[in-house]
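Residue numbers (our numbering), protein chains in the order written: chain A, 1382 to 1683; chain B, 159 to 437.
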């Protein structure tokens, strides 16, 4: 659109900036606020490679290309389409095969988390050996296969500790819990699991999602539990509350791409009324710290 | 894409904010004055709201009043909104509830007394459907008065709604036919969410009907780029749903999508201008 078209189509009316205010003395800032944050290189604790492509590595390439635009350097990736709520062993193995294929090409940009369904305890433990003990993955993803407070999770947690694998458990509270899937966990249930395994760091996926204020409260008393910010609307106040109640050291940037946007989820952190030092921890520092033991075990330097 | 380029991540970041972003005008079509009742927002005053928008390069923002959602004295709410916006970058969009007695007078005052460019309606909270005849009458009256009609399809994720304050998501299937029946009608959907955006045929039908769509709740990786790929004629407008949402979220969604200069201009300001231009 040239200047003439701009005026003719009423763009000037749309802007309608009073003359005295039209010339702002301050240049527009980027959403990142400071160059230091823009160049930080965010680590994303919650990513799915759902971008289109003929094979897993190509799908990851498409995702990396987009991540580059918004300054996301590394992604924890797990699960692979089709999404299965209560996967059988052959189904979660197939999903993990895709992640393994991606890691072969994209180990410089992605960390793999093995997808398990604890209902199949024996097969899940075997898959943990295949993908983490004997493979390149550094964490565990638990979705909606069974509730987080169930005893079936205990042997998986114990083995994760031995392997320095970080556990990521999806949680959500829909319509005050009435809308959850049958086997969908809440942060309260994850806190129960944590109480049986004191000192074991875990990530509370979505931190309850839409009802994040309840989620933050539910995990507040368990210092091992870290809140993932990803997957919900970029609502005002969430990050501030998480930092206030959990401390910045327990809050993690996660996007939940490809269903969500990198940008909207980054924006909620960058726009939060918290110090830049806290933003650095949330966007990168905390996840580096949590993954370091597992990475060190595999000889991966960061 | 060369793998080497992808691996050189840190150097790429230095150029990650296209210069066009700071030189193109930016119109935010989805701003509200006041806190949503269930949560404190980031703007504790209108001045705070304006300062932050301006800091990020917003030249003009279209503001509704939170009072319009639950108050019943909408004439009062609209007058306060007009006063709050006067002399600022905010352009007021008053609220009309077609189930309220003499709602036609609210339409008239929005246009003639307050000089508003449009109105904002909340069918989910005001308990009517877009296929109800009363909405057709409202659309006709607004169109006759030269007003753009912004339809807020939601305020918050319905999974997060307080049980005593629930509102159904608004079904938009009737809109194309309504517009066809109302020559000159201009309609913009706010907070459409994935319920609208993920339906490619629906988005195409809305685009074909000339409906404007705002992006505050458009999600998915590279969401704007993808939607324009699926529906090139979609008239997307930049909107942040501030201050209920964090403003930076919308801005970074623009950065996340690779758009042509024409698409960038359309989303940032040109479609907003088109929405305000009468046929």
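Idealized CB from N, CA, C, for every residue including glycine.
All of these numbers come straight from a predicted model, not from anything done at the bench.
{"Query": "Can you find a CB in chain A that lies within less than 8 Å of the CB of residue 379/B?", "Result": "yes"}
{"Query": "Using a Cβ cut-off of 8 Å, pull out every chain A residue sitting near residue 199/B, in sequence order please.", "Result": "1617, 1618"}
{"Query": "Given a cut-off of 8 Å, decide if residue 1477/A and residue 1508/A are closer than it, judged by their beta-carbon atoms.", "Result": "yes"}
{"Query": "My assumption, with CB atoms under 8 Å, is that residue 1603/A sits in contact with residue 1623/A. Please give the rounded CB distance.", "Result": "Contact doesn't hold; Cβ gap of about 14 Å is too wide."}
{"Query": "When you compare each of 365/B, 226/B, 388/B to residue 284/B by their alpha carbons, which one comes out closest?", "Result": "226/B"}
{"Query": "Tell me the DSSP secondary structure of residue 1660/A in three-state form.", "Result": "helix"}
{"Query": "Tell whether a beta-carbon distance below 8 Å holds between residue 188/B and residue 399/B.", "Result": "yes"}
{"Query": "Express the C-alpha separation of residue 1664/A and residue 1595/A in angstroms, rounding to a whole number.", "Result": "23 Å"}
{"Query": "Can you find a C-beta in chain A that's less than 8 Å from the C-beta of residue 344/B?", "Result": "no"}
{"Query": "Alpha carbon to alpha carbon, what distance is there between residue 250/B and residue 296/B?", "Result": "18 Å"}
{"Query": "Do residue 333/B and residue 367/B have their beta-carbon atoms positioned less than 8 Å apart in this structure?", "Result": "yes"}
{"Query": "Provide the residue(s) that pair with residue 370/B in DSSP beta bridges, ordered along the chain.", "Result": "346/B, 393/B"}
{"Query": "Only counting the same chain, and skipping five residues up and downstream in sequence, which positions put a Cβ closer than 6 Å to that of residue 1653/A?", "Result": "1620, 1621"}
{"Query": "Any chance the region 315-325 of chain B sits against the region 1552-1561 of chain A, with 3 or more Cβ pairs inside 8 Å?", "Result": "yes"}
{"Query": "Measuring alpha carbon to alpha carbon, tell me which residue in 1517/A, 1487/A, 1526/A is nearest residue 1500/A.", "Result": "1526/A"}
{"Query": "Give the secondary structure of residue 418/B by DSSP, where H, G and I count as helix, E and B as strand, and everything else as coil.", "Result": "coil"}
{"Query": "Answer yes or no: does any C-beta atom of chain C fall closer than 8 Å to that of residue 1432/A?", "Result": "In the structure shown, chain C cannot be found, because the protein chains are A and B."}
{"Query": "Whole-angstrom Cβ separation of residue 208/B and residue 248/B, contact assumed at under 8 Å?", "Result": "7 Å"}
{"Query": "Per DSSP, residue 1497/A is paired with what?", "Result": "1523/A"}
{"Query": "How would you label residue 1464/A, buried or exposed, when you count the other beta carbons within 10 angstroms and need 16 or more for buried?", "Result": "exposed"}
{"Query": "Under 8 Å, do residue 386/B and residue 355/B count as touching if we go by C-beta distance?", "Result": "no"}
{"Query": "Does any residue of chain A have a CB that is nearer than 8 Å to the CB of residue 308/B?", "Result": "no"}
{"Query": "Closer than 8 Å by beta-carbon distance: list the chain B residues that pair up with residue 1451/A, in chain order.", "Result": "174, 410, 413, 414"}
{"Query": "Whose CA, out of 1616/A, 1631/A, 1564/A, lies closest to the CA of residue 1585/A?", "Result": "1631/A"}
{"Query": "Run through DSSP, which three-state label would residue 331/B get?", "Result": "coil"}
{"Query": "Which bits of chain A does residue 270/B rub up against, with CB to CB less than 7 Å?", "Result": "The contacting residues do not exist; residue 270/B stays about 17 Å from chain A at best."}
{"Query": "Rounding to the nearest angstrom, what Cα-Cα distance links residue 242/B and residue 347/B in this structure?", "Result": "24 Å"}
{"Query": "Does any residue of chain B have a CB that is nearer than 8 Å to the CB of residue 1638/A?", "Result": "yes"}
{"Query": "Mind checking if residue 1613/A is an interface residue toward chain B, Cβ cutoff 8 Å exclusive?", "Result": "yes"}
{"Query": "Once DSSP output is grouped into helix, strand and coil, what is the label at residue 1613/A?", "Result": "coil"}
{"Query": "Would you tell me roughly how many angstroms separate the C-alpha atoms of residue 335/B and residue 388/B, rounded to the nearest one?", "Result": "22 Å"}
{"Query": "Go ahead and pull the three-state DSSP assignment for residue 188/B.", "Result": "strand"}
{"Query": "Does residue 1416/A pass the burial test, meaning 16 or more other C-beta atoms within 10 Å, or should it be called exposed?", "Result": "exposed"}
{"Query": "Is the shortest distance between the beta-carbon of residue 1479/A and the beta-carbons of chain B less than 8 Å?", "Result": "no"}
{"Query": "Going along the region 299-323 of chain B in order, which residues come within less than 9 Å of chain A, judged by CB to CB distance?", "Result": "314, 315, 316, 317, 318, 319, 320, 321"}
{"Query": "List, from N- to C-terminal side, the alpha helix (DSSP H) runs of 4 residues or more that fit wholly inside the region 185-233 of chain B.", "Result": "204-213, 225-228"}
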